[in-house]
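A.B. asks: After the structure tokens below, expect a handful of questions from me.
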Amino acid sequence: METPGSQSSLHRANLERVVRAVRLAGSLTQAEIARTTGLSAATVSNIVRELKDGGTVEVTPTSAGGRRARSVSLSGDAGIVVGVDFGHTHLRVAIGNLAHQVLAEESEPLDVDASSTQGFDRAEELIDRLIAATGVDRDKVAGVGLGVPGPIDVESGTLGSTSILPGWGGTRPAEELRERLGVPVHVDNDANLGALGELVWGSGKGVRDLAYIKVASGVGAGLVINGQIYRGPGGTAGEIGHITLDEGGPVCRCGNRGCLETFTAARYVLPLLQPSHGSALTMEGVVRLARDGDPGCRRVIADVGRHIGSGVANLCNLLNPSRVVLGGDLAEAGELVLAPIRESVGRYAIPSAGRQLSVLPGALGGRAEVLGALALALSEMGDSTLLDGSATASLPVVAPAFT
Numbered sequence: 011m012e013t014p015g016s017q018s019s020l021h022r023a024n025l026e027r028v029v030r031a032v033r034l035a036g037s038l039t040q041a042e043i044a045r046t047t048g049l050s051a052a053t054v055s056n057i058v059r060e061l062k063d064g065g066t067v068e069v070t071p072t073s074a075g076g077r078r079a080r081s082v083s084l085s086g087d088a089g090i091v092v093g094v095d096f097g098h099t100h101l102r103v104a105i106g107n108l109a110h111q112v113l114a115e116e117s118e119p120l121d122v123d124a125s126s127t128q129g130f131d132r133a134e135e136l137i138d139r140l141i142a143a144t145g146v147d148r149d150k151v152a153g154v155g156l157g158v159p160g161p162i163d164v165e166s167g168t169l170g171s172t173s174i175l176p177g178w179g180g181t182r183p184a185e186e187l188r189e190r191l192g193v194p195v196h197v198d199n200d201a202n203l204g205a206l207g208e209l210v211w212g213s214g215k216g217v218r219d220l221a222y223i224k225v226a227s228g229v230g231a232g233l234v235i236n237g238q239i240y241r242g243p244g245g246t247a248g249e250i251g252h253i254t255l256d257e258g259g260p261v262c263r264c265g266n267r268g269c270l271e272t273f274t275a276a277r278y279v280l281p282l283l284q285p286s287h288g289s290a291l292t293m294e295g296v297v298r299l300a301r302d303g304d305p306g307c308r309r310v311i312a313d314v315g316r317h318i319g320s321g322v323a324n325l326c327n328l329l330n331p332s333r334v335v336l337g338g339d340l341a342e343a344g345e346l347v348l349a350p351i352r353e354s355v356g357r358y359a360i361p362s363a364g365r366q367l368s369v370l371p372g373a374l375g376g377r378a379e380v381l382g383a384l385a386l387a388l389s390e391m392g393d394s395t396l397l398d399g400s401a402t403a404s405l406p407v408v409a410p411a412f413t
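Residue 33 in this note's numbering sits at position 23 of the sequence shown; the count goes up by one each step and never skips.
Structural data, given as structure tokens:
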């Protein structure tokens, strides 16, 4: 029996510290593990040897600073995690192992009018198919990260009212999927997961404070403060789409007038171009036409950029992030939308906040949310799970990159 402060409990704690460091970073040299954990080089060497003998980690030759070194990563067959991203018109699922490799990934259309039950039926089928494709046993699933396009109540896990997926409001997505799969499920809104994905692998890598702005059927922001996702006490932080730009503007789905969303989201923007471009036009098509020089599409995208910039300026004045990352289809417009965003930030933000801000397109494209979901699942794993199958307390959501 281990007692607090005993040699055995100290050893156990050190094992978990090493596993945690490797799990969050993807792979580390033994010297990096020592720096990260504060353990001595000798202790790290002994622990890595023990974990390798037990099949928890893999050790491969590498180089660091021109010198030979040994890279430590979690064993590829130690388990897998699942990422699920529900969008307005799509369902995307990815399977990753604990060595931070994506083993399988697939996206398919989702009927916006589908019920939550139909959506989860589709997700369960796709998860089963992808797990089977990897050849990994189903009982190796350590956890699931789930992204939904709406606010999640942090206490009850209930999805707030959303017109992006009608009929889903009031459901408990994590509980529903947990009952179906029999494994831990961690849920967050898609903007937060996009921020997490870009933070650890994409355009947000290396910064501690950023806002990920996703413009699609709605407009939301994932906020990262001091390296962690900030959700607010009710889980609704980042609803940038409902900043009021014009009190006499169009009525928003939230009931107010002139919200940022009514000037930027696809449902409001596309009708502006339908008389000249037809009703089949999509936001992806607008971006493509704008890049090809279409004057109407270029004008609409520039206007959208200026409106987004007004919202970003408010964020700068309140939170002073060092980076804003633009996600969704609109990010593919590049400087056609980024330049107007920067123009509005320069006009409306406090000069000191605006000068420190960089505005970049997302690097992960449509994969940002599902990779963020994988990272969420992995970050919420207890390290004891890898050592003896018992669960430990959840860790802060600072997750590794997937390749």
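Think of the CB as a built atom: it goes at the ideal place given N, C-alpha and C, for glycine as much as any other residue.
Under 8 Å between the Cβ atoms of Pro434 and Asp200?
C.D. replies: Here the chain comprises residues numbered 11 to 413, so residue 434 is not present and cannot be evaluated.
A.B. asks: What residue from Tyr222, Thr127 and Glu249 has the CA that sits closest to Ala341's CA?
C.D. replies: The residue with the shortest Cα to Cα distance from Ala341 is Tyr222.
A.B. asks: Closest to Gly167 by C-alpha separation, out of Ala290, Thr272, Pro243 and Ile235, would be which residue?
C.D. replies: Closest by alpha carbon: Pro243.
A.B. asks: Buried or exposed, going by whether 16 or more other CB atoms sit within 10 Å of the CB of Lys215?
C.D. replies: Burial call: exposed.
A.B. asks: In the DSSP assignment, the beta strand (DSSP E) including Gly155 goes from what residue to what residue?
C.D. replies: From DSSP, the beta strand (DSSP E) with Gly155 extends over Val151 to Val158.
A.B. asks: Mind checking who Ser8 pairs with in its DSSP beta bridge?
C.D. replies: With the chain represented from 11 up to 413, any question about residue 8 goes unanswered, as that position is not in the structure.
A.B. asks: Identify every residue that forms a DSSP beta bridge with Glu62.
C.D. replies: Note on identity: in this sequence residue 62 is Lys, with Glu being the wrong assignment. For Lys62, which the question treats as bridged, DSSP gives no partner whatsoever.
A.B. asks: Could you tell me which of Leu169, Pro183 and Arg263 sits nearest to Thr127, measuring between CA atoms?
C.D. replies: The residue with the shortest Cα to Cα distance from Thr127 is Pro183.
A.B. asks: Out of curiosity, what's the CA-to-CA distance linking Leu113 and Leu381?
C.D. replies: Going from the Cα of Leu113 to the Cα of Leu381 covers about 12 Å.
A.B. asks: Tell me the rounded alpha-carbon separation between Tyr358 and Arg301.
C.D. replies: Cα-Cα distance, rounded: 27 Å.
A.B. asks: DSSP on Pro119, reduced to helix/strand/coil?
C.D. replies: Pro119: strand per DSSP, three-state reduction.
A.B. asks: How far does the alpha helix (DSSP H) with Gly364 in it extend, from its first residue to its last?
C.D. replies: Element bounds for Gly364: Pro361 to Arg365.
A.B. asks: Kindly identify the DSSP beta-bridge partner or partners of Glu68.
C.D. replies: Bridge partners of Glu68: Ser83.
A.B. asks: Rounding to the nearest angstrom, what Cα-Cα distance links Arg80 and Val69 in this structure?
C.D. replies: Near 6 Å, if we compare the C-alpha coordinates of Val69 and Arg80.
A.B. asks: Write down every uninterrupted run of the alpha helix (DSSP H) in the segment 287 to 316 whose length is 4 residues or greater and which is fully enclosed by it, in chain order.
C.D. replies: You should have 293 to 301.
A.B. asks: Please list the segments of the beta strand (DSSP E) lying wholly inside the segment 177 to 245, counting only runs of 3 or more residues, in order along the chain.
C.D. replies: The qualifying runs are 195 to 199, 220 to 225, 229 to 235 and 238 to 240.
A.B. asks: Would you kindly report the start and end of the unbroken alpha helix (DSSP H) that includes Arg333?
C.D. replies: Unbroken run through Arg333 is the beta strand (DSSP E), Arg333 to Gly337; no alpha helix (DSSP H).
A.B. asks: Under a Cβ-count criterion, where at least 16 other Cβ atoms within 10 Å of its own Cβ denotes burial, should Arg148 be classed as buried or exposed?
C.D. replies: So Arg148 ends up on the exposed side.
A.B. asks: In whole angstroms, what separates the C-alpha of Thr274 from that of Ser73?
C.D. replies: Taking the straight line from one Cα to the other gives about 48 Å.
A.B. asks: Leaving out five residues before and five after Ser50 in sequence, what residues of the same chain have Cβ atoms less than 7 Å from its Cβ?
C.D. replies: Answer for Ser50: Ala44, listed in chain order.
A.B. asks: Could you have a look at Ser166 and say whether DSSP puts it in helix, strand or coil?
C.D. replies: Here Ser166 sits in coil by DSSP.
A.B. asks: Check whether the Cβ atoms of Ala383 and Val151 lie closer than 8 Å to each other.
C.D. replies: Result no, Cβ atoms of Ala383 and Val151 do not sit closer than 8 Å.
A.B. asks: Return the residue from the list Asp63, Glu134, Val67 and Gly86 that minimises the CA-CA distance to Phe96.
C.D. replies: Checked all of Asp63, Glu134, Val67 and Gly86; the closest Cα to Phe96 is Glu134.
A.B. asks: Below 8 Å on the Cβ atoms is my contact criterion, and I expect Asn24 with Thr53 to pass it. Report the Cβ-Cβ distance as a whole number of Å.
C.D. replies: Confirmed, about 6 Å.
A.B. asks: State the Cα-Cα distance for the pair Ser16 and Leu374, rounded to the nearest angstrom.
C.D. replies: So the alpha carbons of these two residues sit roughly 46 Å apart.
A.B. asks: Just to confirm my understanding: we take Gly344, look at its own chain, exclude 5 residues before and 5 after, and list those with CB closer than 8 Å. What are they?
C.D. replies: Excluding positions up to five away in sequence, the list reads Arg301 and Pro371.
A.B. asks: Let me know if Ala378 comes out buried or exposed under the rule of 16 or more other beta-carbons within 10 Å of its beta-carbon.
C.D. replies: When all chains shown are included, Ala378 counts as buried.
A.B. asks: Within this structure, are the beta carbons of Asp198 and Gly157 separated by less than 8 Å?
C.D. replies: A contact, by the Cβ cut-off of 8 Å.
A.B. asks: Please name the residue, chosen from Ile141, Gly376, Leu84 and Asn107, that lies closest to Leu191 on a Cα-to-Cα basis.
C.D. replies: Answer by Cα proximity: Ile141.
A.B. asks: Pull up the distance between the alpha-carbon of Gly303 and that of Leu270, whole angstroms please.
C.D. replies: In a straight line, the C-alpha of Gly303 is about 26 Å away from that of Leu270.
A.B. asks: Is Ala114 helix, strand or coil when you go by DSSP?
C.D. replies: Three-state DSSP puts Ala114 in a strand.
A.B. asks: For Asn24, which three-state DSSP category applies?
C.D. replies: Three-state DSSP puts Asn24 in a helix.
A.B. asks: Among residues of its own chain, excluding the 5 on either side of His21, which ones have a beta-carbon nearer than 7 Å to its beta-carbon?
C.D. replies: There are no such residues.
A.B. asks: Can you tell me whether DSSP reads Val380 as helix, strand or coil?
C.D. replies: DSSP places Val380 in helix when its eight states are reduced to three.
A.B. asks: Can you tell which of Thr144, Leu367 and Pro305 has its C-alpha closest to the C-alpha of Asn330?
C.D. replies: Comparing Cα-Cα distances from Asn330 to each of Thr144, Leu367 and Pro305, the minimum goes to Leu367.
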